C-alpha cells in the first residue's frame, strides 16, 4: 500500500487532507507539530509522528519510510510576537522538508503554497498561476515567508525533485480551531462583533475541496506545475450578506476605506508589540490584503486535475456550522441561528443524512 506522509496533519487544512487520503485507501502517516493537539484526527486510526520543522534531524527522522509527501505545514499568522518564528517554520522548515524528501527518495511531493505568493491582479482581473510574484511588492511577514519558501521549492524542482505546487485561496470550513485569520472574521460575524468591513475581493473555498485538490495534484499533477485551488470570487460585502442570509445575523453596514484600515492596523500592532503582547484586533498584513484584489482563477486545476469545488455559499455554511457546534460562538448567536433555521435547512439539502 502506498504510504503518504502529511506535514501539519493535525492542523486545519492538513487534517482534512488526511481524512480524504484515508477515505481513498491510502496508508497515511500524520506528521504533527509540537502542540500535539490531534482533536482533528480523533475519528481516524492513522500513524502519527512528531516533527519539528525547525530541526533538520527531526524532519529527517520523521520522513523516513514514505512514498508520497504533502508538505502542508506552515505558520499561518499575520502577527507574531517574534516575526522570525514565521520564517523559521515557513522557510527553514520547507528547506528541511525538501532536503529530507530528496534523501529519502520520495516519488512525488505536493507543496502547499498560497495565492499570497502571486501578484494581486489589477483592475479586478483574475490572478492565475502565471501572476508571477515580485518580492519587492510584498509587505507582511507571512506573505514574504511564503514567497521565499516557494522560491526554495522551485530551486529544488530545477534540480530534479518531483514537486507539484498548489495555491489555496481563502480557505474556510471545519476544523479551524485556532482559528485562521479568515476563520476569525467568520467567528466575529457570528458573535455580532464585526461592526464594519473593508470591501476587498476574495476567492472563498471549502477546506474539503482544497484537501481533494491536494490529492488530485498528488495523483495527476505534473512536476513543476502550479495549480490554484479556489472556488468563487466574492467581495467582502457579498460574503457578509451571504452569511446573514444563512444565519439571520445582520450584516455590518459600515464600510471602512482600506487605507483607514491600514492606519488602524499600524496602531493596533504598535499596541500589541509594546503593551498587550497579544494578537491585535486588526493587523497591517490583513489591511494590506484588503488593499489588493485577490480574485483568482482555478481553471487550470479544473481542466488538468478534474478539480470541482462547491460554490462559496456551501463553504461559508459549513464553516459557520462548525464554529457554532465547536463552541466558538456566543449562546446568543447559537439561539439566533437556530431560530432562523436557514443554515440547517441549507446544509440538509447539500449533505442529506449528514
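In the working numbering, the protein residues as written are -10 to 343. Yeah, the Cβ is synthetic: ideal placement off N, Cα and C, and Gly gets one too. Bear in mind the structure is a predicted one, so any value in this text is a computation, not a measurement.
Here the alpha carbon of residue 86 sits roughly 26 Å from the alpha carbon of residue 108.
The shortest C-alpha to C-alpha distance from residue 311 to any of 291, 229, 195 is the one to 195. Minimum Cα-Cα distance from residue 75 among the listed residues 82, 64, 84 corresponds to 64. Approximately 11 Å separates the beta-carbon atoms of residue 235 and residue 313; this is outside 8 Å, ruling out the contact. Within the DSSP secondary-structure output, residue 190 pairs in a beta bridge with 224, 282. Spanning the alpha carbons of residue 264 and residue 271 requires a straight line of approximately 15 Å. In the displayed model, residue 197 falls within a helix according to three-state DSSP. Residue 249 and residue 226 have their C-alpha atoms spaced approximately 17 Å apart. In the displayed model, residue 266 falls within coil according to three-state DSSP, outside both helix and strand.
Put simply, of 159, 39, 166, 208 the residue whose alpha carbon is nearest the alpha carbon of residue 189 is 159. Note on residue 23: under 16 other CB atoms within 10 angstroms of its CB, so exposed under the neighbour-count rule. In the structure shown, residue 65 adopts coil according to DSSP, grouped into three states. Under the three-state reduction of DSSP, residue 274 is assigned to helix. The C-beta distance from residue 223 to residue 178 rounds to 14 Å, too long to fall under 8 Å, and the pair is not in contact. An exposed status is given to residue 184, since fewer than 16 other beta-carbon atoms sit within 10 Å of its beta-carbon. As DSSP reads the structure, residue 158 sits in no beta bridge. Distance from the CA atom of residue 290 to the CA atom of residue 156, rounded to whole angstroms, is 10 Å. A distance of 8 Å or more separates the beta carbons of residue 59 and residue 137. With respect to the C-alpha of residue 251, the residue from 88, 277, 229 having the closest C-alpha is 277.
Judged by beta-carbon spacing, residue 204 lies beyond the 8 Å limit of residue -8, meaning their Cβ atoms are not closer than that value. With a beta-carbon spacing of about 5 Å, residue 17 and residue 11 fall inside the 8 Å limit used to define contacts. Taking the C-beta atoms as reference points, residue 243 is found no nearer than 8 Å to residue 258.
Contact between residue 106 and residue 122 holds: their C-beta atoms lie close to 5 Å from each other, under 8 Å.
The DSSP assignment places complete alpha helix (DSSP H) segments of no fewer than 4 residues inside the region -1 to 60 at 1 to 12, 45 to 51, in order along the chain. In this structure, residue 315 lies away from residue 161, with their beta-carbon atoms at least 8 Å apart.
In the three-state reduction of the DSSP assignment, residue 209 falls in the helix class, which pools H, G and I.
Inter-segment contact for the region 205 to 219 and the region 316 to 323 is absent: fewer than three beta-carbon pairs are separated by less than 8 Å. Within a 10 Å sphere around the beta-carbon of residue 70 sit fewer than 16 other beta-carbons, which makes this residue exposed. -5 is the residue among 199, 301, 90, -5 whose C-alpha sits nearest the C-alpha of residue 37. Within its own chain, the residues whose Cβ lies closer than 8 Å to the Cβ of residue 300, once the five positions on either side in sequence are excluded, are 220, 221, listed in chain order. Restricting attention to beta strand (DSSP E) runs no shorter than 3 residues, the region 65 to 118 encloses them at 97 to 101, ordered along the chain.
DSSP places residue 131 within a helical segment (H, G or I) once states are collapsed to three. About 6 Å separates the CB atoms of residue 141 and residue 83; that is less than 8 Å, so the two are in contact. Between residue 165 and residue 298, the C-beta gap is not smaller than 8 Å, which leaves the two residues out of contact. A Cβ-Cβ contact shorter than 8 Å links residue 146 with residue 213.
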